[in-house]
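Data block below; observations after.
Chains as they are written, first to last, in this note's numbering: chain V, 1 to 263; chain S, 264 to 550; chain Y, 551 to 901.
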């Protein structure tokens, strides 16, 4: 009995190891190729740090990276707050048209971003919102919202509404119930939703592409433009730096916060 | 779940929480998409300067040629396969993360699983090309280890598309499954075991039903965008990379035929919604 | 982070206060990326000489270029348009007449190109020819002892699975027209084109979409032969030292002409004229060809300034080559849709 448990646990760890190798294989290649001299990923491998030097002189790419980071941070903050609020409402209240509201979350995910992006461009142009970072932010939050709501709702499904009722019967106000009972329980879902929102925004190129102005692009827009001609390992270099920094940040954060706590 | 305790009556009390999110969606997504929906019924786009009238021809085009039906079916199959693979790979991983690993190791590995999808999608696809092609990393490594010679050239094939898409979407499955698995009370599992249920029975009767909301959310978040995907199939699929998403893209990129492209997208949306609503009762019964 | 907030606020104010572009001395250029106009040395030289600050924006397809013009009236000052599309841009009133007297180098452009009906209407000039080139075939030198001369090599069993063709309906259909011995601008026997392309499908490794795709595949020795653009093949050889040679098949090749236009509403027409003049200048062209690799200039003096054995002068200027190339004429929207439907059908059939 004990032995089987151990064996299964060991197998589980191996499984996680395999998953991580699968996930990081292309990331490692990407990092490796940022140190390879050939712009076409040609082998044999020839060591160089030249692409990083080029990157440090590439103001356009750096500015785009900075724009992307800012947009992603704002998108994460806004989408997480609005999305969590909407999820709680959808969970807590029964009302007519609720299923419609839930179904409305799918068009932004299901319709290819190319169509959504074109539609936004035309509509924003028509009503005077125009293009630029503000338009990109508007679009990104809207694209991230459904993801946040779906993820937070999944977590809410595990929540026992009796808990809210109990708190209420003990005299807690609606606000107190939400912040002291509901939110702590769904916090892992909220954090996960935020991580999704960040990913959706940071990797989003189609919508940004249509809504960016020549001077102010985001990183994926620059990358997309670059693949047509002259895709260089500078892009691998900037991606490597981003992954490196986020990995560092994440490992530091992992020390301090508990993702869901122990059971 | 005891729904009776939840608020009854109208939408009133829910409005303050719902309005900001849905207002945002209306302005940034639904109004623009309505304009697109309108275009899908027009013979010409208003900005082309030509006369236009209302028509159903673009929707009829979907049914008149077998091409679009074939491609939509291929894309749905692709979506199902990718979702299935993500579930097979992601669910056990989420289970181990939520119920076996503890403390810092768990938090760290959890974050490591999410990190790759913060990297750029295009860069990831190009890196896969490096791995999968003949004379690429996989081919070279396997031949260095194995005593016999095999030729591995997965690039520009259907498996390459599957690998690329599973790689992009598997973190979604791990994340959503983790969220529900982590919430399961240990006492429940111990009770089931002490009552004589085998491991498999416990998994099927206790763990799976309780984890179902996460599995479903993950499946939806994977299946829905994969059906319309065009970038991964185009770059990794080569000759076999033509899917429903790529023909929609063509209507916008290769020709100025937004009406047809929009009509094809809305048909896609309708089919996806029908699939989701058809599968909902079946899945609920499983639960 | 306050940086962004500041920008957002500023943009909101600007949008509400004025609708006119705020970039007075800036010159907005819309072109393919990596296509001459955005070379750093060229931009620097132009800015130094004229004082106009160049801001480049890029498109990835002709349709996207038109959409950008439609949805950004007044933003762009110069746009690069394939001459086959100039008529469409004009029909939608996206571009304005050009005063060629302000462009001194215009006089040196070969008469047949400058007077092309695609670029002129009612005696007014709407496009200044810049460069022209071919969609021909290119080979991986490692796979051929001697370069092939016939297009039929694409169908050769020996190269099965190592042939590429661009994922573009018009290019594919016109390629099929040449392979079946037809006029690309007046395809009479579409069935012959379909038949040719259907038999080509089993040979195909993948459909390329960008220059970078082609170069990566040849760098990793995955392909032997494929359709390619003349300027790109030149660039692959000159700039990247890849084993690529362009072949102009005896059956012929598709030729295209790229031209500069000035969008309606440009607030820096003077800068636009100066920029176009600089782009067709022999000095810029020679530097572009030597440093980077380029298509053939429409300016006769610019081509004459190249060394005598230069590919763009010796081969592309060869009258025998001129005899067998066919210049692309404008294609109607209807034809384009028809071609796309045929091409999609072929691609699905290939699976």
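Think of the CB as a built atom: it goes at the ideal place given N, C-alpha and C, for glycine as much as any other residue.
Buried or exposed: where does residue 368 of chain S fall if 16 or more other Cβ atoms within 10 Å of its Cβ makes it buried? Here residue 368 of chain S refers to the residue found at position 105 when the second chain is read from its first residue. Exposed.
Coarse secondary structure for residue 491 of chain S, derived from DSSP in three states: By one-based count along the second chain, residue 491 of chain S stands at place 228. It is coil, neither helix nor strand.
Do you know whose CA, among Y:820, Y:635 and Y:702, lies nearest residue 799 of chain Y's CA? Position 249 of the third chain, counted from the start, is the residue given in the question as residue 799 of chain Y. Comparing Cα-Cα distances from residue 799 of chain Y to each of Y:820, Y:635 and Y:702, the minimum goes to Y:702.
Strictly under 8 Å for the Cβ-Cβ distance: is residue 315 of chain S near chain V by that measure? The residue labelled residue 315 of chain S in the question sits at position 52 within the second chain. Cβ-Cβ to chain V under 8 Å: no for residue 315 of chain S.
Residue 533 of chain S burial status per 10 Å Cβ neighbour count (16 or more: buried): Taking the first residue of the second chain as position 1, residue 533 of chain S is located at position 270. Per the 10 Å Cβ criterion, exposed.
Given a cut-off of 8 Å, decide if residue 111 of chain V and residue 386 of chain S are closer than it, judged by their beta-carbon atoms. Taking the first residue of the second chain as position 1, residue 386 of chain S is located at position 123. Taking the first residue of the first chain as position 1, residue 111 of chain V is located at position 111. No. Outside cutoff.
Taking only the alpha-carbon atoms, compute the straight-line gap between residue 78 of chain V and residue 141 of chain V and give it to the nearest angstrom. To locate residue 78 of chain V, count along the first chain from 1; it is residue 78. To locate residue 141 of chain V, count along the first chain from 1; it is residue 141. Whole-angstrom Cα-Cα distance: 7 Å.
Does any residue of chain V have a CB that is nearer than 8 Å to the CB of residue 583 of chain Y? Position 33 of the third chain holds residue 583 of chain Y. At least one chain V Cβ lies under 8 Å of residue 583 of chain Y.
Inspect the CB distances between the stretch 125 to 132 of chain V and the stretch 174 to 181 of chain V and report whether three or more fall short of 8 Å. no
With H, G and I counted as helix, E and B as strand and the rest as coil, what does DSSP make of residue 303 of chain S? Counting from one through the second chain, the residue named residue 303 of chain S turns up at place 40. In this structure, residue 303 of chain S counts as coil in the three-state DSSP scheme.
What residues from chain V crowd round residue 501 of chain S, counting only those whose CB sits closer than 9 Å? As a first step, residue 501 of chain S is located in the second chain; it is residue number 238 there, counting from the start. Within 9 Å Cβ-Cβ: nothing; residue 501 of chain S doesn't reach chain V, min ~16 Å.
Please classify residue 160 of chain V: does DSSP put it in a helix, a strand, or coil? One-based indexing of the first chain puts residue 160 of chain V at position 160. Residue state, collapsed to three classes: coil.
Residue 370 of chain S: beta carbon under 7 Å from a heavy atom of the ligand COA? Among the ligands in the structure shown, none appear at all, so the ligand COA cannot be discussed.
What residues in its chain sit with their C-beta under 8 Å from that of residue 571 of chain Y, if we drop five residues either side in the sequence? Along the third chain, one-based indexing puts residue 571 of chain Y at 21. Per-residue confidence for residue 571 of chain Y stands at a pLDDT of 40, beneath the threshold of 50, marking its modelled position as unreliable; no derived number is given.
First and last residue of the beta strand (DSSP E) that includes residue 602 of chain Y? In the third chain, counting from the first residue as 1, residue 602 of chain Y sits at position 52. Neither: residue 602 of chain Y is in no beta strand (DSSP E) and is coded neither H nor E.
Only counting the same chain, and skipping five residues up and downstream in sequence, which positions put a Cβ closer than 6 Å to that of residue 52 of chain V? As a position in the first chain, residue 52 of chain V is number 52, starting the count at 1. Exclusion of the five residues before and after residue 52 of chain V leaves 237 as the residues of its chain whose Cβ lies within less than 6 Å of its Cβ.
Using a threshold of 8 Å, state whether the C-beta atoms of residue 29 of chain V and residue 420 of chain S are closer than that. Mapped onto the first chain, residue 29 of chain V falls at position 29. Mapped onto the second chain, residue 420 of chain S falls at position 157. Against a cut-off of 8 Å, the Cβ pair of residue 420 of chain S and residue 29 of chain V comes out as no contact.
Under 8 Å, Cβ to Cβ, is there at least one residue of chain V near residue 605 of chain Y? Stepping through the third chain from its first residue, residue 605 of chain Y is reached at position 55. True, the Cβ-Cβ gap to chain V drops below 8 Å.
Assign residue 317 of chain S to one of three DSSP states: helix, strand, or coil. Taking the first residue of the second chain as position 1, residue 317 of chain S is located at position 54. Three-state DSSP puts residue 317 of chain S in a strand.
Excluding the 5 residues flanking residue 574 of chain Y on each side, which residues of the same chain have their C-beta closer than 8 Å to its C-beta? As a first step, residue 574 of chain Y must be located in the third chain, where it is residue number 24. Confidence in residue 574 of chain Y is poor, its pLDDT being 46 and thus under 50, which makes the residue's placement unreliable; the coordinate value appears in the next sentence. Cβ within range, chain order: 817 and 818.
Residues in the stretch 10 to 40 of chain V with C-beta within 9 Å of chain Y's C-beta atoms, listed in sequence order? 38, 39 and 40
Give me the Cα-Cα distance between residue 15 of chain V and residue 405 of chain S, rounded to the nearest whole angstrom. Indexing the first chain from 1 puts residue 15 of chain V at position 15. Indexing the second chain from 1 puts residue 405 of chain S at position 142. Those two C-alpha atoms are separated by around 20 Å.
Does residue 608 of chain Y get closer than 8 Å to chain V when you measure Cβ to Cβ? By 1-based counting over the third chain, the position of residue 608 of chain Y is 58. Chain V, which has a Cβ nearer than 8 Å to the Cβ of residue 608 of chain Y, makes this yes.
9 Å Cβ cut-off: residues of chain V touching residue 329 of chain S: Numbered from its first residue, the second chain carries residue 329 of chain S at position 66. Chain-ordered listing is empty here: chain V has no CB closer than 9 Å to the CB of residue 329 of chain S, the nearest sitting near 22 Å.
What does residue 103 of chain V touch in chain S if you count any residue whose Cβ is under 7 Å from its own? Looking up residue 103 of chain V in the first chain gives position 103. Around residue 103 of chain V, the beta-carbon contacts reaching into chain S at under 7 Å are 536.
Kindly list the residues whose CB is nearer than 6 Å to the CB of residue 530 of chain S, restricted to its own chain and excluding five residues on each side of it in sequence; keep chain order. Locating residue 530 of chain S in the second chain gives position 267, counting from the first residue. Once the five neighbours on either side are set aside, the close Cβ partners of residue 530 of chain S are 325.
From residue 582 of chain Y to residue 588 of chain Y, what distance separates their C-alpha atoms? Working through the third chain from its first residue, we reach residue 582 of chain Y at position 32. Working through the third chain from its first residue, we reach residue 588 of chain Y at position 38. When rounded, the distance between both Cα atoms is 9 Å.
Residue 713 of chain Y, DSSP secondary structure in three states: Start at 1 with the first residue of the third chain, and residue 713 of chain Y comes out as number 163. Residue 713 of chain Y: strand per DSSP, three-state reduction.
Beta carbon of residue 780 of chain Y nearer than 8 Å to that of residue 683 of chain Y: Residue mapping note: residue 780 of chain Y aligns to position 230 of the third chain, counting from 1. Residue mapping note: residue 683 of chain Y aligns to position 133 of the third chain, counting from 1. It is a contact, given that the beta carbons lie within the stated cut-off.
Does DSSP put residue 571 of chain Y in a helix, in a strand, or in coil? Taking the first residue of the third chain as 1, we reach residue 571 of chain Y at position 21. The pLDDT assigned to residue 571 of chain Y is 40, lower than 50, so where the model puts this residue is not dependable, and the model offers no usable value.
Classify residue 704 of chain Y as helix, strand or coil using the three-state DSSP reduction. Within the third chain, the letter at position 154 stands for residue 704 of chain Y. In this structure, residue 704 of chain Y counts as helix in the three-state DSSP scheme.
Integer Cβ distance of residue 834 of chain Y from residue 592 of chain Y, believed to fall under 8 Å: In the third chain, residue 834 of chain Y corresponds to position 284, counting from 1. In the third chain, residue 592 of chain Y corresponds to position 42, counting from 1. Contact flag correct, Cβ pair sits at about 6 Å.
Looking at residue 700 of chain Y: is its Cβ nearer than 8 Å to the Cβ of residue 689 of chain Y? The residue labelled residue 700 of chain Y in the question sits at position 150 within the third chain. The residue labelled residue 689 of chain Y in the question sits at position 139 within the third chain. No.
For residue 54 of chain V, decide whether its Cβ has a neighbour in chain S, counting only Cβ atoms nearer than 8 Å. Here the question's residue 54 of chain V lines up with position 54 in the first chain. Not closer than 8 Å to any Cβ of chain S, the Cβ of residue 54 of chain V fails to qualify, so no.
Use the C-beta contact count for residue 37 of chain V: other C-beta atoms within 10 angstroms, 16 or more gives buried, fewer gives exposed. Residue numbering aside, residue 37 of chain V sits at position 37 when the first chain is read from its first letter. Answer is exposed; the Cβ neighbour count stays below 16.
On the three-pair Cβ rule with 8 Å, is the stretch 599 to 618 of chain Y touching the stretch 780 to 795 of chain Y? no
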